[in-house]
Amino acid sequence: MVKNLLPETLEDALTIYFGQPELVPYSGGTDIMVGSSCEDKNFLFINRIPELKQIRLDNEFIRFGSACTFTEVIENDLTPTILKEACKKIAAPAIRNVGTIGGNIANGSAKADSALIFMVTNSLLRLQAHGSERILPLRDFYIGRSKTAIKQGELISEILMPKQNLDNYYYEKVGARKALSISRVSFAAILDVSDDIIRNCATAFGAVSDVILRPSEIDNMLIGKSIKEAKAIKSTYIATLDKAIVPRSGRVSIEFRKDVCMNLISDFLESNGI
Amino acid sequence: MNNISSSIPKIDHLEKANGSAIYVCDYDTDDMLHGRLLRSSIAKGIVRNVRIPELPDGYFYVDSTDIPGKNQVHMIQDDTPVFTNDVQFIGEPIGMLVGPDLKKVGSLLSETQVEYENLAPVFDARGSEDIFFDFNIEKGDVEAAFAHADRIIEGSFETGLQEHIYLETNGMIGKFQDGKMIIHGSLQCPYYVHGALVDATALTHENVIVKQDVTGGGFGGKEDFPSALACQVAIAAFKADGKSVRVVFEREEDIIATSKRHPSYCDYKLSVKDGKVTGMVSDIIVDAGAYTTMSMVVLQRATIGSSGVYNIENIKVRGRAPKTNTVPNGAFRGFGGPQVFFAIEMMMTHVAKELGVDSAEFKLKHIVQQGDLTSTSGKYHFPVPLKQMAAKVLKESDYFKKQKQYKNQTGRYRKGIGFSLVFHGAGFTGNGERDIIKAVAHLKKLKDGRVEILTANTDMGQGLATTFTKIVSKTLDLPPEKIIFSLPDTSRVPNSGPTVASRSIMVVGELLRRAAIRLKDEWIEGEEQLIEQRYEHPSFMIAFDAVNFKGDAYPTYSWQATVVETTIDTLTGGISIDNVWGSFDVGTPIDESIVIGQMEGGIIQSLGYAIMEKCTIYNGAINNKKLCDYIIPTAPDFPNMNVYLYVDEYPEGPFGAKGAGEMSHVGGAPAVLDAIQNALGTKLSKIPFMPEDVLDILREEKLDD
């Protein structure tokens, strides 16, 4: 028998999920409905829960409710431009109107366009279960191809984007066409420079490997450096990244993915005078 | 422009827009059985044993042993079996499981096991020794032309598979009741299906009835293929105790198992004397796949078209269609044209580059004129307006200025502009209309003064219901509401031929116009009247010799001049289409909106073919079988299209109309590849040309530096 449940508070949802962990959380359904993956399953609908649909600001974070649709994220004034830009490139308007950022993360895809931005901004996930909750860096959430660290009974309730200067960003989605396009390579980067010192440098590469790559240790090479110093170690930085990026072949070749990544990182640096 | 061209709302618009149109998958299935085909998992081999799980009540299996007639799908040649025991490609139908619950049928199918004796398949068309068709054209004296040439320039060209991706997948419903087999579904050619069913069922002509359901796109993909599916469904219907049997393909099954555009390999040699092309030797190979289906006619069109729109006095062409153990390639908008026009258009740009002259001017210097000989030594009987059409698009696009400006660019984005000239021979190749089709159309006047169009031609979204209605309404001076056009049913309509080859308006539309003139003359108020109109071959045509390829292959031609402007992203390999300018002469447009839609749609399909739609086969299995892997264009991809209609009236077509449907799929690919050549400063010879190919070229460029 099909038992689809439609709770209206997060607490109800978590209680139900605790009792029936076999339920499939369903928000926009835009991934779940593809193919036959929705057959013979019971759903826990989490798209009518107000707590999951808020976008707000606190002292540390921009807090995005996981059930916010891409359209809601795009239209919200608190959303930084880099995230708006990435969300606008997802699928097509109809899908953006129902697909959610929580779903984009929960499906564990390295091609998720909004997740790339949450990665490059070092965002955290608030994971809630019946009677417990934890905060996990998004980077630690992805543990393998389509594998995540989510535990039984847990829902992603919020995505917490640390407040930071995101004015100077670089973003490129490489898809097979201009709409309804799955990323074949995606790249996001942030460079925050003040008084000629690099305060923050962050890069993330999507659709290249099993998980979104976020080489923060390598990016740290540039943090604290002046532009001139950064220039001096540019070739080492690029060579280190080159080693760290090991693409998988898929709809496009390994060589293509690698070339595009290296082209874009070079362009990102050059466009910032490095 | 004749005022018949002023657009009216398409007569099937509302039912399609509001969802009331009934497609195959919309029928109530409560009392129907569902069939699913058991398909081969190997590319070549003998079926030794089929082990079917125990079937519950109401479920049954049919295969070649259940066929009362011939185990052949009648097309042009009859080599395609209805159900095979001798597998020739992956996905070939062996049998069908049928039952009341589709899911159950699916699970029974997945439990069914087939034992094969494996045989060695052939996948490379160029290495295949099994040549289905081998055609030759000779005109003039090629040896002399080459002997006296200043230069001989060679080139090799390749085009890939293309899948139709009609919105609606193939589907068919069959019912055997009271000795009659009634088949209806998504199809282009009711009488093709009818002919195939008569052979397979061994029923009489009268006892086989074929009806078209509302059809969501065809593009040629529902020309030959539905005959096979209809036979399979009919064989199952015999066993269904009077119930209907329905088969509707999922997209993946449709991509794996139905026809596609033939991949091609074309080798060219052109002789040049005093800056002009004097001779051409071309070797055209189209990969037929496992059965002949439509390959003979596709190859005819390819062979005949291989010299493009150019007046090359001395030519020698060989066209071959080898067999491979892959899904049979069949009819697809353009029908061999997109392959060879891509090749000759690129070849002409390469020759121009070798000679150091502007390629657009070089092409224009060579185009045919009225009265010139065709490649088959027939005649271009009517004016060739290509010069004027080319002038229009070259001027509107500012081609010459941009083309120079876009040479030697550096920086992330590089722009390019390209130009192509193509034709499409209108109607069937050779004497097909006169000797094989012999079209008949009826107009039936009802007592209440309404007039019904009775033809076998189908509207699959291209607008035929509207254009036929307009032709009759205009000729009879009646409002369109007084004209009835129904989905064809072979028990009611005469055989006016298939809806293919850009022939429907030109040939059948003219029959309707002539019938309408007669009806107007003979009109008797309050009485039912039937007017029959039979095809008459145009008297000016030089009879076509299909063995030696001599004579008029087509009565007339539609023409197209196209400019495409593109931007290449050198970091990502991205190819953006910035602008398209196309001038089209399809004679008088019977409906301007419909024709512009057809021109835009064909251009989009052609550009998709060139830079997006990649379908590869590995060991006989299609890799790109989902819409996330087989990428077709979306609206944002090709935003700016400037369509200009140039009207050169064809005296034998209704109101001056000639063929319109296919040509626009021919001109886009060579124009965009020429634009990419311009942007990257290189010579290109292969489609699909993808972002990966852009980066490959740039990588080589870096190595050369």
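So the sequences go chain by chain: A and B.
Heads up: the first sequence begins at 0 in numbering that gives the first Met the number 0, then just goes up one per residue.
Heads up: the second sequence begins at 0 in numbering that gives the first Met the number 0, then just goes up one per residue.
Beta carbons are placed, not taken as given, at the ideal position from N, Cα and C, and that holds for glycine.
Proximity of the stretch 577-591 of chain B to the stretch 642-650 of chain B meets the contact definition, three or more beta-carbon pairs being nearer than 8 Å. Minimum Cα-Cα distance from leucine 453 of chain B among the listed residues B:Asp357, B:Ala515, B:Pro92 corresponds to B:Ala515.
With respect to chain A, the C-beta atom of methionine 611 of chain B has a partner C-beta closer than 9 Å.
A Cβ of chain A is located within less than 9 Å of the beta carbon of serine 575 of chain B. Within chain B, the C-beta atoms nearer than 7 Å to that of isoleucine 181 of chain A come from Cys627, in chain order.
Given a length threshold of 4 residues, the stretch 632-668 of chain B has no whole run of the alpha helix (DSSP H) inside it.
Going by beta carbons, histidine 33 of chain B and arginine 245 of chain B fall inside the 9 Å limit. In the three-state DSSP reduction, phenylalanine 60 of chain A falls in the strand class (E or B). Under the Cβ distance rule, isoleucine 630 of chain B counts among the residues neighbouring chain A, one pair being separated by less than 9 Å. If you draw a straight line from the Cα of isoleucine 273 of chain A to the Cα of alanine 231 of chain A, it is about 9 Å long. As a beta-bridge residue in DSSP terms, serine 575 of chain B pairs with B:Thr566. Any Cβ of chain A closer than 9 Å to the Cβ of threonine 64 of chain B would place that residue at the interface, and such an atom is absent. A straight-line Cα-Cα distance of about 12 Å links leucine 221 of chain A and leucine 240 of chain A.
Pairing glutamate 228 of chain A with serine 156 of chain A, the inter-Cα distance amounts to about 42 Å.
Here alanine 455 of chain B is not near leucine 510 of chain B, since their CB atoms are 9 Å or more apart.
Non-local C-beta neighbours of leucine 4 of chain A in its own chain, meaning closer than 6 Å and more than five positions away in sequence, comprise Ile15, Leu43, ordered along the chain. Threonine 158 of chain B: member of the beta strand (DSSP E) spanning 150-158, first to last residue.
With respect to chain A, the C-beta atom of threonine 569 of chain B has a partner C-beta closer than 9 Å. Contacts with chain A (Cβ-Cβ distance below 8 Å) from the stretch 670-692 of chain B involve Pro690, Glu691, listed in chain order.
Contacts with chain B at 9 Å (Cβ-Cβ) include leucine 263 of chain A. The three-state secondary structure of threonine 466 of chain B, taken from DSSP, is helix. Note on lysine 386 of chain B: under 16 other CB atoms within 10 angstroms of its CB, so exposed under the neighbour-count rule.
Where valine 316 of chain B is concerned, the enclosing beta strand (DSSP E) starts and stops at 313-321.
Between the stretch 322-336 of chain B and the stretch 249-260 of chain B there are three or more inter-stretch CB-CB distances shorter than 8 Å, so the stretches are counted as touching. DSSP places cysteine 614 of chain B outside both helix and strand once states are collapsed to three, so it counts as coil. Rounded to the nearest angstrom, the Cβ distance from threonine 587 of chain B to glycine 655 of chain B is 4 Å, consistent with a contact under 8 Å.
Around alanine 243 of chain A, the same chain offers Leu212, Pro214, Ile217 as residues with beta carbons nearer than 8 Å, after the five sequence neighbours per side are excluded. Residue contact check for arginine 698 of chain B against chain A: a CB pair falls below 9 Å. Per DSSP, the unbroken alpha helix (DSSP H) holding lysine 257 of chain A starts and ends at 253-270.
Within the stretch 136-182 of chain A, complete alpha helix (DSSP H) segments of at least 4 residues are found at 137-140, given in chain order. Secondary structure at isoleucine 116 of chain A: helix, using DSSP grouped into helix, strand and coil. The beta carbon of leucine 486 of chain B sits closer than 6 Å to those of Gln211, all from its chain and outside the five residues before and after it, given in chain order. Neighbours of arginine 250 of chain B in chain A, taken as residues whose beta carbon is under 8 Å from its own, are absent, since the nearest beta carbon is some 10 Å off. Here phenylalanine 218 of chain B is buried: its Cβ has 16 or more other Cβ atoms, across all protein chains shown, within 10 Å. From the beta-carbon of leucine 694 of chain B, the residues of chain A found nearer than 7 Å are Phe255, Asp258.
In this structure, DSSP gives tyrosine 309 of chain B an extended state, which the three-state scheme calls strand.
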